[in-house]
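Residue numbers for the sequence shown follow our numbering, beginning at 6 and rising by one.
Using N, Cα and C, we set each Cβ at its ideal position, and we do this for glycine too.
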Amino acid sequence: PAEGIMQAFHENMDKKIKEAYPDAQTNLDLSYEISAHGIQKSTERIKGIKNIIAVASGKGGVGKSTTAVNLALALKEEGANAAILDADIYGPSIPRMLGVSGQPDSEDGKTLMPKIGHGLQSMSIGLLVEEDTPMIWRGPMVTQALEQLLTDTQWKDVDYLIIDLPPGTGDVQLTLCQKIPVSGAVIVTTPQDISLIDARKGLKMFEKVKVPVLGIIENMSGHICSNCGHEDHIFGKGGAQKMASDYSLDVLGSLPIDSQLRKSMDIGEPMIFEDENSKISQAYFELARSITGKISNFNKDLSRKFPKIVVEDS
Ligand code: ADP
6 PAEGIMQAFH ENMDKKIKEA YPDAQTNLDL SYEISAHGIQ KSTERIKGIK
56 NIIAVASGKG GVGKSTTAVN LALALKEEGA NAAILDADIY GPSIPRMLGV
106 SGQPDSEDGK TLMPKIGHGL QSMSIGLLVE EDTPMIWRGP MVTQALEQLL
156 TDTQWKDVDY LIIDLPPGTG DVQLTLCQKI PVSGAVIVTT PQDISLIDAR
206 KGLKMFEKVK VPVLGIIENM SGHICSNCGH EDHIFGKGGA QKMASDYSLD
256 VLGSLPIDSQ LRKSMDIGEP MIFEDENSKI SQAYFELARS ITGKISNFNK
306 DLSRKFPKIV VEDS
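Right under this line is the structure:
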């Protein structure tokens with residue numbers, strides 16, 4: 006999905022063709038197609054979903070949910086059918102950030118209909134419990150509840166489902182990564198050492214369960230004073246880049262601290278819609294394109310296209 010760059014891409018290509026064949030009549034028609042890509046061998050594809058992308062962080066409060074919501078919205082704006090599952094069971098904040106509330110509907114009494122917020126299909130445990138009720142569940146209950154939320158939701162024609170994982174690298178996260186059929190994961194961190202140490206643990210966790218890490222997203226990477234324009238690196242500088250080069254990974258994007266972003270997420274009106282050309286919106290669009298670009302290079306899942314082979318005694 007690359008709506009944001011289609012026109013420029015089209016113009017550029019058209020120019021190149023005309024340069025190469027000045028006398029030819031050209032009619033350039035570009036389109037894109039989103040395929041399902043490989044998942045861990047021990048897992049099975051979920052009905053209605055082509056690709057799952059896990060958004061993880063080593064610790065809480067680094068902006069993982071903010072990144073997950075904006076990434077899903079950016080994917081939608083880029084032309085994909087996107088959805089989000091809030092698996093941060095101890096602090097489900099996606100409903101608030103997406104501006105959805107109320108119990109999800111169920112047409113058959115067994116499965117749940119996703120809640121639609123800003124054009125995204127969404128599901129969260131936060132929709133099933135009161136906002137001020139703490140989830141005092143232990144590990145196995147959490148993983149079971151999340152698996153159920155994932156498989157019992159009636160996802161419809163989803164190209165990319167973003168999963169906002171619970172923060173950390175404990176047993177719950179490890180089990181989830183083993184059981185959920187993900188195409189790839191991204192790790193959100195702030196630039197400071199204390200966050201990066203835990204982000205490295207996240208990386209090791211994905212290695213263990215053979216989930217490809219698509220790259221690192223540095224959030225709160227600096228603050229530009231709205232009065233004087235001075236950039237202040239409140240949480241340090243260059244940390245994600247250092248981690249990326251240590252592990253031969255890419256920094257997929259850097260998002261500054263922005264009070265407008267924070268305010269917009271708090272009221273469930275993400276600022277990505279207000280000004281598509283703002284630096285923050287553009288950073289999320291770029292993030293979406295580089296993530297899906299990377300996934301598109303992975304092997305396609307051809308299991309559904311594979312012919313049925315029958316051996317008969319004739
Ligand atoms: P996590 O999911 O890692 O716990 P959240 O996404 O809930 O973190 O973010 C924690 C708080 O920080 C939220 O209030 C959110 O609005 C704010 N926040 C996240 N990223 C930014 C940013 N780049 N600039 C300003 N505030 C941010």
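(message) Less than 7 Å between the beta carbons of I229 and E223, yes or no?
(response) Contact annotation: I229 and E223 have beta-carbon atoms that are not nearer than 7 Å.
(message) What I want to know is whether the C-beta of D263 ends up closer than 6 Å to one or more non-hydrogen atoms of ligand 1.
(response) Yes, the Cβ of D263 comes within 6 Å of a heavy atom of ligand 1.
(message) I need the straight-line Cα distance from K52 to L151, nearest angstrom please.
(response) Straight-line measurement puts the Cα of L151 at about 16 Å from the Cα of K52.
(message) Please list the terminal residues of the continuous alpha helix (DSSP H) segment that includes E152.
(response) In the DSSP assignment, E152 falls within the unbroken alpha helix (DSSP H) covering G144 to T156.
(request) Rounded to whole angstroms, what's the CA-CA distance from R50 to I272? Just pull it up for me. (result) Each residue's CA atom was taken as its position, placing R50 and I272 some 34 Å apart.
(request) Report, in whole angstroms, the separation of the C-beta atoms of P171 and G131, which I expect to be a contact under 8 Å. (result) So it is not a contact: roughly 13 Å between Cβ atoms.
(message) Could you tell me the alpha carbon to alpha carbon distance between N406 and P6, rounded to whole angstroms?
(response) Residue 406 is absent from the structure shown; the chain starts at 6 and stops at 319.
(message) I'd like to know whether the C-beta atoms of S226 and P261 end up nearer to each other than 7 Å.
(response) Yes, they are a contact pair.
(message) Could you tell me the alpha carbon to alpha carbon distance between P217 and F211, rounded to whole angstroms?
(response) In a straight line, the C-alpha of P217 is about 7 Å away from that of F211.
(request) Taking only heavy atoms of ligand 1 into account, decide whether any of them is closer than 6 Å to the Cβ of L257. (result) Not one heavy atom of ligand 1 falls within 6 Å of the beta-carbon of L257.
(message) Closer than 8 Å is the cut-off here; do at least three beta carbon pairs connect the region 182-202 with the region 56-70?
(response) Under the three-pair Cβ rule at 8 Å, the region 182-202 counts as touching the region 56-70.
(request) Kindly provide the ranges of any beta strand (DSSP E) runs that are 3 or more residues long and lie completely inside the region 248-272, ordered along the chain. (result) Runs found: 256-262.
(request) Go ahead and label G66 buried or exposed: buried means 16 or more other beta carbons lie within 10 angstroms of its beta carbon, across all protein chains shown. (result) By the 10 Å Cβ count, G66 comes out exposed.
(message) Below 8 Å, how does it come out for the region 112-120 and the region 262-270: are there three or more Cβ pairs, yes or no?
(response) Taking one beta carbon from each stretch, the region 112-120 and the region 262-270 have fewer than 3 pairs nearer than 8 Å; the two do not touch.
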